[in-house]
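Remarks on the structure that follows.
Listed below in structure tokens is the structure:
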């Protein structure tokens, strides 16, 4: 079911400083990303400035707190990391933009559902700037794209593919982990897992949809969308 009734403002309270915006060079090992998030979340919890950190990872799988071992189809294909975020198995790799979003919801709105919806809104706005219609689903977290050119599903409904995944964790109302948007990853790499535990639908990317965009161009749109939902950023351009 399409979710159309969610309008959640996550703008900061008056006087909150801009969110730091940082883009990593090269491929960031997953262990390094987790260590960095842990360190930054502690700083933010103590009153430091919030942070969005954009990275790409080498090929790997992560298992969220709801992961089912049966959904790890090829356990020896890539390294597998247990992680404290919500959700199930996901893939990260080159060509996928991962945004680690570290915000203090005490300065905004202490509502986890609103925060997840706001992250979805950031992705949907980003896609809209590239003439791609991303949609929410009531029963599936993430952002989805309808694929009318594909065969109908077994129940007779239109095929659709996931283009962005979300998985978050909170500590003292400070968020970490975040979202991943498929720009031009190797989609075959998703075959080693049942992505997010959902087997009835596929996975797509911007390039798979016929948009040969560069990561830097996506980042510009992602930042614009983030600022529309969460407020001003400062740092790398």
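Residue numbers (the numbering used here): 56 to 292. We put the beta carbon where it would ideally sit given N, CA and C, even for glycine.
**Asked** Hey, how far is the Cα of residue 96 from the Cα of residue 74?
**Response** 13 angstroms
**Asked** What residue from 251, 154 and 282 has the CA that sits closest to residue 194's CA?
**Response** 251
**Asked** Does the distance from the CB of residue 248 to the CB of residue 236 come in under 8 angstroms?
**Response** no
**Item:** For residue 151, the residue or residues it bridges with in DSSP
**Value:** 237
**Prompt:** What's the gap between the Cα of residue 80 and the Cα of residue 183?
**Reply:** 26 angstroms
**Message:** So, with DSSP's three-state summary, where would you put residue 61?
**Reply:** Because the pLDDT at residue 61 is just 42, under 50, the model does not fix this residue reliably, and the value given afterwards should be weighed accordingly. Reduced to three states, the DSSP call for residue 61 is coil.
**Prompt:** Considering only residues of the same chain and omitting the five flanking positions on each side of residue 99, which have a CB-CB separation below 8 angstroms?
**Reply:** 105, 106, 157, 158, 159 and 229
**Environment of residue 92 [buried if 16+ CB atoms lie within 10 Å]** = buried
**Message:** Could you check if residue 221 belongs to the surroundings of the ligand HEM, using beta carbon to heavy atom distance under 7 angstroms?
**Reply:** In the structure shown, the ligand HEM is absent, as is every other ligand, since no ligand is present at all.
**Beta-carbon spacing of residue 66, residue 290 below 8 angstroms** = no
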